[in-house]
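Residue numbers (the numbering used here), protein chains in the order written: chain P, 1 to 398; chain G, 1 to 398; chain A, 1 to 334; chain D, 1 to 334.
Note that CB positions come from ideal geometry on N, CA and C, so glycine has one too.
Computed from a predicted structure; not experimentally measured.
One structure below.
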Ligand SMILES: Cc1ncc(C[n+]2csc(CCOP(=O)(O)OP(=O)(O)O)c2C)c(N)n1
Ligand SMILES: Cc1ncc(C[n+]2csc(CCOP(=O)(O)OP(=O)(O)O)c2C)c(N)n1
Ligand SMILES: [Mg+2]
Ligand SMILES: [Mg+2]
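Next comes the structure, spelled out in structure tokens:
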């Protein structure tokens with residue numbers, strides 16, 4: 001047997017989760033106290049510079065993300081949105097990792113990264129256009145360096161890798177100038193990790209030493225399938241056989257998520273290549289508003305994870321370290337309320353696009369088939385409208 | 001940094017090949033002497049029962065495989081075959097691994113596994129029908145438990161995994177009865193290892209503990225691309241992040257290839273799940289008869305590997321251990337000559353299929369489109385034939 | 001005869017259940033098909049009743065699903081694979097096109113790959129991108145595959161069972177927008193036979209409504225549209241015959257041609273873009289065989305040459321009763 | 001004007017070279033495109049002259065090639081991807097269909113993905129399975145993609161350069177069986193412009209031969225077949241007009257219709273299976289627009305509904321001069 005290889009068949013699941021806990025980078029325990037141990041020691045310095053202001057800013061982002069989530073869910077229930085995929089429970093993984101990014105870094109999200117969007121400043125109303133059914137995208141990716149949602153699982157990991165190869169070609173890796181060095185991060189789920197595209201992205205990234213971070217949010221579920229349907233060893237190990245270092249972080253710990261991400265970004269920027277991060281977290285809500293998790297998971301599990309709520313944890317830390325202030329907290333609450341109000345008003349006000357806009361932007365250049373069909377459509381619409389005018393005239397005349 | 005993960009960016013290539021040599025399972029050194037060291041010690045027992053007869057049988061298979069290769073190449077040069085992918089240099093990896101299989105095991109090859117075919121008993125003429133352009137397949141997979149060649153890189157690894165899941169469902173894993181326990185092996189190349197399908201196969205195999213062996217022949221080249229274009233760490237590590245143990249074997253050492261395969265098969269049969277084997281070898285010839293390796297690789301490299309010729313190595317072992325016998329060797333030579341003769345005669349005698357056979361077996365049941373087109377074709381053929389008769393009659397009349 | 005009224009979705013479930021009962025080699029595999037019963041609940045209750053062994057939640061990898069199902073089929077199993085939505089079949093496209101479609105041919109009939117790939121397809125449900133597509137033409141062009149789509153609960157029940165017993169791979173497109181449309185289903189109807197003796201249960205079209213002035217050809221979700229259009233046309237004095245193709249590959253050309261020879265006019269209706277869609281093949285074929293009986297060119301009503309648009313305007317994209325009537329008017333005034 | 005006689009393959013190389021020279025954002029990526037110059041040597045010498053940075057050997061993963069090229073394009077590069085053979089484009093089918101084709105639309109024009117995917121295609125070269133396919137229809141049905149195929153060295157040179165400057169993704173199908181057919185190439189011809197002012201250099205068909213009795217429509221490898229057929233027909237007194245489509249998506253319907261209005265008869269010739277092939281769309285369209293000028297139905301000569309057969313009988317599968325003449329005879333005797 002090769003000494004490098006596990007001597008036996010993969011470790012059984014029970015052992016696995018024990019190992020998981022062991023190898024988890026955690027800086028804040030669920031009770032809000034700073035964590036101990038060798039892993040915490042290795043990462044602690046990376047958050048040492050974060051003072052009350054920074055911690056409060058993270059808290060604020062997480063609270064606003066959750067409020068966004070709740071309000072979008074409510075809007076869906078009211079029929080204002082067709083669908084909404086909730087991010088509840090993943091705020092720390094998302095806000096922590098995104099806060100580690102610099103302006104010039106570029107993000108390729110999946111569809112549940114509401115916390116990342118919050119940090120990057122993507123307008124909350126724009127984020128909901130896709131779910132209202134008025135846009136397939138909704139914002140300008142160049143404005144905040146955030147690509148549109150990608151719904152075909154895993155596809156975006158290849159785009160991120162290619163984009164990172166472009167960054168590398170642009171000479172923006174290893175310049176030593178933190179204002180210029182640029183990295184790319186792609187978010188995807190535990191379920192998506194099984195897709196061939198993700199593994200091909202690992203190949204291309206590793207071989208080319210691309211400045212890209214693979215940020216896998218293992219929220220324990222892919223709709224109704226537990227992570228054990230996708231892998232039998234912890235996901236953070238996935239990159240190793242491609243030559244990509246991996247790290248498992250407590251995704252409900254915003255500081256640990258931040259710390260791990262700074263390390264991965266440093267590596268990318270210095271020319272050290274890709275990193276695979278597994279953020280171990282939990283999807284507290286349903287898969288989407290169309291989903292009913294009671295069909296496939298236990299209430300007990302949800303309750304257990306509720307104790308590890310990432311927002312509560314950061315609040316506990318702030319309190320424990322005397323960084324909490326009621327007036328400030330009330331202000332955050334007010335901001336959340338304002339956000340909710342804005343969503344209630346502005347999402348409802350989103351107008352339907354004109355029907356003929358379906359022909360816009362199929363191509364960037366004039367294309368005969370589209371031109372012909374558009375002309376036909378507009379003539380048909382015109383005739384139909386006239387018929388209707390006629391009909392209603394007839395109606396009135398009667 | 002996670003303690004399990006490499007602390008730094010992937011190891012550079014130079015270090016890599018050193019590591020490669022280090023972790024290589026080798027039982028016979030290039031000079032024919034039994035190898036030493038801890039890895040050899042770990043695998044030595046697996047070949048202890050192989051006496052002169054067995055070693056000679058391996059030698060014979062390798063010689064016949066090479067002769068098949070040479071003769072097929074010659075036939076291609078003479079215009080009797082359209083193309084031929086040479087296996088020269090990979091005889092040990094293929095013969096050694098295939099000799100470890102039992103009758104009931106099932107093989108999913110790529111397209112270069114001439115040594116595997118030899119061991120499994122697939123008729124040599126049948127193997128060349130595909131290259132003569134008279135068959136897409138050429139033999140009955142059920143006869144020798146060898147699937148047809150798969151030309152779309154990596155696809156067959158999923159079929160192998162699915163087949164293995166079927167074997168598992170059939171209750172033929174872990175029965176304890178060596179006549180019943182069944183495993184599946186799939187062969188693929190270093191280049192194919194980058195395909196998404198291969199990685200999805202690793203996912204499905206690992207999660208389900210499928211009795212399948214991933215046998216990757218790293219022959220250093222994928223047409224003109226060196227293995228460093230596919231991976232930056234040794235390929236035997238690829239499975240580890242999926243929970244699949246990996247082992248790197250000297251693919252020019254038939255005994256080591258055999259030993260490593262017995263281990264993988266035992267694991268599969270016992271219910272221990274998949275294994276990833278990297279057979280470190282060399283494609284001594286061109287990619288196919290259409291290829292010109294002088295465009296992309298150095299003569300020096302070819303010469304270096306020529307010193308590690310797998311057939312020479314086994315011959316040296318046989319001689320060193322007094323298992324060689326000139327009369328026997330002459331007999332093997334005569335068999336090779338007979339094989340070549342048979343190929344020369346029987347490949348030339350392969351008849352072209354009748355044109356209308358193109359409509360056979362598109363579907364297993366009657367299908368209207370095929371029925372209609374076949375009828376049209378046959379009528380058209382008939383008319384054309386009549387026209388030709390007419391034409392030649394006219395010709396004769398003139 | 002034990003006819004029951006049920007939605008198309010439930011007829012499919014019943015057909016799957018019957019298939020699982022009839023042959024222990026049948027298994028269902030896909031994403032979320034187990035406990036959840038699939039996002040459309042078509043496999044609802046099946047894992048509970050037949051076990052995790054027969055109804056299998058797979059990793060999220062479509063190529064892996066089809067590729068391993070091919071291997072299972074080679075070992076004697078009959079996998080029914082669910083693709084969660086139309087837009088997610090493409091990662092499996094290579095396995096379907098280069099492997100599944102060709103293994104029987106490649107092996108000269110020695111390997112059969114009796115695989116069913118169920119794909120909920122079509123629009124009109126207000127979904128986000130990739131959840132409303134109609135990719136059937138992208139499979140019909142590939143020889144070796146059968147491509148079918150039922151329009152009624154009875155056909156759903158019969159055709160899914162026929163697909164499962166078919167020795168050939170079947171792409172089974174389910175009109176998701178019609179999952180909840182109800183109809184009578186005779187659950188005691190025998191499994192259709194594919195031996196070539198009778199009409200091909202996976203290839204024969206059905207006259208859904210008789211008429212004399214124009215032939216409307218549809219399949220899957222647009223059969224209901226065509227029938228509604230026929231109602232509207234009848235009110236205006238035009239008698240439309242409606243042909244429900246059931247199968248996109250092969251096409252039942254004789255049935256359509258027979259109808260068009262009688263009516264002299266033909267309008268094909270599908271949701272997929274008309275450009276290179278099934279309507280093109282039908283128009284070409286019908287014109288070839290009815291050249292002297294056609295009073296007007298075959299017209300097509302379908303999706304436009306745009307990606308499937310956002311939900312708020314999808315009804316302007318989808319073929320509507322109005323658009324079908326408009327096409328019929330044009331055909332009549334030719 | 002510096003016209004030179006060269007084979008189509010060399011014209012492509014020249015076009016790629018010119019594109020690499022004109023814009024440093026252009027890069028070539030694919031399997032074996034570097035030192036080897038590709039298995040057909042189309043990129044021969046380019047890595048030597050432009051460096052490993054501009055001509056890149058990728059890992060063997062087609063989805064990865066197209067997916068990373070999309071990312072590179074989003075970062076401002078203009079990747080030209082080579083797919084080694086027609087039959088190996090399918091692993092990339094998802095990236096092409098759900099991502100490449102839709103990113104411009106999805107982003108309402110904010111993201112351009114100027115990608116060229118070169119695919120040697122078609123048969124007649126005695127190859128093994130998967131090396132002789134004609135999958136163009138499988139891309140033409142998807143809105144957002146341009147699908148073209150040159151038939152002459154001059155068009156190869158002009159169209160590849162137009163494809164590279166196109167802001168839209170282009171599937172560039174190269175008739176591999178005609179790589180060594182020679183023709184005059186003016187290497188100083190300007191890069192065609194896609195601004196919509198003049199004829200679309202990636203969309204406009206070309207009358208390859210004028211005639212009066214029948215219109216033969218072809219593209220890529222079958223243009224030569226159609227021209228030979230026109231010769232043979234001329235010997236029998238039939239004057240055939242040959243339209244070289246150049247583009248499969250969009251189709252230059254006005255040019256074809258203009259021709260058919262004059263000749264009254266139309267035969268479409270392509271190597272892909274006729275069932276759901278480009279000929280179907282053309283037949284439907286031509287019939288719709290030339291209903292009263294057609295003397296016979298549009299006939300199609302193409303591949304059969306079988307996987308591409310073994311090499312020894314491929315010439316019975318491929319459209320031949322004889323089969324084209326036979327179709328013309330049938331059209332004339334209608
Ligand atoms: C290629 C593909 N297959 C299937 C789907 C349907 N689908 C949407 S989300 C989802 C589960 C994804 O799970 P995971 O990757 O863990 O992300 P999470 O939803 O948990 O954030 C599935 C199966 C899809 N979007 N794309
Ligand atoms: C999906 C796919 N892409 C490309 C090819 C073309 N091709 C055939 S063999 C080959 C190289 C394969 O290299 P490797 O996997 O190392 O196997 P080897 O030929 O060395 O045995 C390539 C690129 C193919 N057959 N399938
Ligand atoms: Mg998940
Ligand atoms: Mg190789």
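>> At the level of alpha carbons, what is the spacing between residue 320 (chain A) and residue 225 (chain A)?
In response: So the two alpha carbons sit approximately 7 Å from each other.
> Of the residues P:287, P:244, P:170, which one's Cα is nearest the Cα of residue 209 (chain P)?
Replying inline: Residue 209 (chain P) has its Cα closest to that of P:244, out of P:287, P:244, P:170.
> Sorry if obvious, but does the Cβ on residue 180 (chain D) come closer than 7 Å to a heavy atom of ligand 3?
Replying inline: When distances are taken from the beta-carbon of residue 180 (chain D) to the heavy atoms of ligand 3, even the shortest one reaches 7 Å or more.
> Using a C-beta cutoff of 8 Å, does residue 231 (chain P) count as contacting chain G?
Replying inline: Interface with chain G (8 Å Cβ-Cβ cutoff): residue 231 (chain P) is included.
>> Against chain A, with Cβ distances strictly below 8 Å, would residue 281 (chain D) count as a contact?
In response: It does: the Cβ of residue 281 (chain D) has a partner Cβ on chain A nearer than 8 Å.
>> What does the alpha-carbon distance come out to for the pair residue 245 (chain D) and residue 266 (chain D)?
In response: Take the alpha-carbon of residue 245 (chain D) and the one of residue 266 (chain D): they are about 13 Å apart.
>> In chain order, what are the residue ranges of uninterrupted alpha helix (DSSP H) at least 4 long that sit wholly in the region 91-157 of chain D?
In response: Complete alpha helix (DSSP H) runs here, min 4: 103-106, 137-140.
>> Which residue marks the beginning of the alpha helix (DSSP H) containing residue 122 (chain G), and which one marks its end?
In response: Note, residue 122 (chain G): premise wrong, no alpha helix (DSSP H); not H, not E.
> What residues of chain P sit near residue 207 (chain G), judged by a beta carbon separation below 9 Å?
Replying inline: For residue 207 (chain G), the chain P residues whose C-beta falls within less than 9 Å of its own C-beta are 194, 228, 229, 230, 231, 232, listed in chain order.
> For the putative contact between residue 149 (chain P) and residue 110 (chain P), defined by C-beta atoms under 8 Å, what is the C-beta separation to the nearest angstrom?
Replying inline: Rounded, the Cβ-Cβ distance is 7 Å, consistent with contact.
> chain P beta carbons: is any one of them nearer than 8 Å to that of residue 50 (chain A)?
Replying inline: So, not an interface residue.
> Which residues in the same chain as residue 281 (chain D) place their Cβ atom closer than 7 Å to its Cβ, once the five residues preceding and following it in sequence are excluded?
Replying inline: Residues of the same chain with a CB within less than 7 Å of the CB of residue 281 (chain D), apart from the 5 flanking positions on each side, are 251 in chain order.
> Does the separation of the CB atoms of residue 339 (chain G) and residue 64 (chain G) fall below 8 Å?
Replying inline: Cβ atoms of residue 339 (chain G) and residue 64 (chain G): closer than 8 Å.
> If you measure from the beta carbon of residue 129 (chain D) to each beta carbon in chain G, is any gap under 8 Å?
Replying inline: At least one CB atom of chain G sits nearer than 8 Å to the CB of residue 129 (chain D).
>> Taking 7 Å as the limit, name every residue whose beta carbon sits nearer than that to some heavy atom of ligand 4, in sequence order.
In response: Applying a distance threshold of 7 Å between residue Cβ atoms and the heavy atoms of ligand 4 selects G:189, G:190, G:191, G:217, G:218, G:219, G:220, G:221, G:222, G:283, given in chain order.
> Taking any Cβ of chain P, which residues in the region 187-203 of chain D have a Cβ under 8 Å from it, in chain order?
Replying inline: Cβ contacts with chain P come from 194, 195, 196, 200, 203.
>> For a contact defined as C-beta to C-beta under 9 Å, what are the partners of residue 200 (chain G) on chain P?
In response: 194, 195, 196, 199, listed in chain order.
> Measuring CA to CA, which of A:176, A:219, A:159 is closest to residue 200 (chain A)?
Replying inline: Closest option to residue 200 (chain A), Cα to Cα, is A:159.
> Just reading off the beta strand (DSSP E) that residue 187 (chain P) is part of, what are its end residues?
Replying inline: Annotation: the continuous beta strand (DSSP E) that includes residue 187 (chain P) extends over 184-189.
> In this structure, what does DSSP give as the bridge partners for residue 328 (chain G)?
Replying inline: Bridge partners of residue 328 (chain G) according to DSSP: none are assigned.
>> Given the structure, does residue 88 (chain D) come close to ligand 5, in the sense that its CB is under 7 Å from one of the ligand's heavy atoms?
In response: Absence of ligand 5 is noted for the structure shown, with ligand 1, ligand 2, ligand 3 and ligand 4 being the only ligands found.
> Apart from the five residues on each side of it in sequence, which residues of its chain come closer than 6 Å, Cβ to Cβ, to residue 11 (chain G)?
Replying inline: At residue 11 (chain G), the pLDDT of 40 sits below 50, so the modelled position is not reliable; the number obtained from the coordinates is stated separately. Counting only Cβ-Cβ distances below 6 Å, and skipping sequence neighbours, we find nothing.
> Any heavy atom of ligand 2 within a distance shorter than 7 Å of the CB on residue 198 (chain G)?
Replying inline: For ligand 2, not one heavy atom lies less than 7 Å from the Cβ of residue 198 (chain G).
>> By the 9 Å beta-carbon criterion, what residues does the region 309-323 of chain A contribute toward chain P?
In response: Within the region 309-323 of chain A, the qualifying residues are 309, 310, 311, 312, 313, 314, 315, 316, 317, 322, 323.
>> Quick check on the DSSP output: what are the complete beta strand (DSSP E) runs of length 3 or more inside the region 275-348 of chain P, in order along the chain?
In response: When DSSP assignments are scanned along the region 275-348 of chain P, the uninterrupted stretches of beta strand (DSSP E) that are 3 or more residues long and fall wholly within it turn out to be 275-280.
> Which residue from P:230, P:118, P:242, P:212 puts its Cα closest to that of residue 220 (chain P)?
Replying inline: Nearest to residue 220 (chain P) by C-alpha distance, out of P:230, P:118, P:242, P:212, is P:230.
> What is the rounded straight-line gap between the Cα of residue 203 (chain G) and the Cα of residue 60 (chain D)?
Replying inline: If I take the Cα positions, the gap works out to 19 Å.
> Between the Cα of residue 285 (chain D) and the Cα atoms of A:289, A:292, A:290, A:277, which residue gives the shortest distance?
Replying inline: Among A:289, A:292, A:290, A:277, the Cα nearest to that of residue 285 (chain D) is on A:277.
>> Just checking: is the beta-carbon of residue 15 (chain P) within a distance shorter than 8 Å of some beta-carbon in chain A?
In response: Interpretation of residue 15 (chain P) is limited by its pLDDT of 39, a score under 50 that renders its predicted location unreliable; no figure is taken from the coordinates.
> Do residue 14 (chain D) and residue 179 (chain D) have their C-beta atoms closer together than 8 Å?
Replying inline: No, Cβ-Cβ distance for residue 14 (chain D) and residue 179 (chain D) is not below 8 Å.
> Which residue from P:81, P:50, P:98 puts its Cα closest to that of residue 127 (chain A)?
Replying inline: The shortest C-alpha to C-alpha distance from residue 127 (chain A) to any of P:81, P:50, P:98 is the one to P:81.
> By a C-beta neighbour count over all protein chains shown, 10 Å radius and 16 as the cutoff for buried, is residue 297 (chain D) buried or exposed?
Replying inline: Burial is judged here by how many other beta carbons sit within 10 angstroms of a residue's own beta carbon; residue 297 (chain D) has at least 16 and is buried.
> Can you tell which of P:142, P:22, P:40 has its C-alpha closest to the C-alpha of residue 257 (chain P)?
Replying inline: Nearest C-alpha to residue 257 (chain P): P:40.
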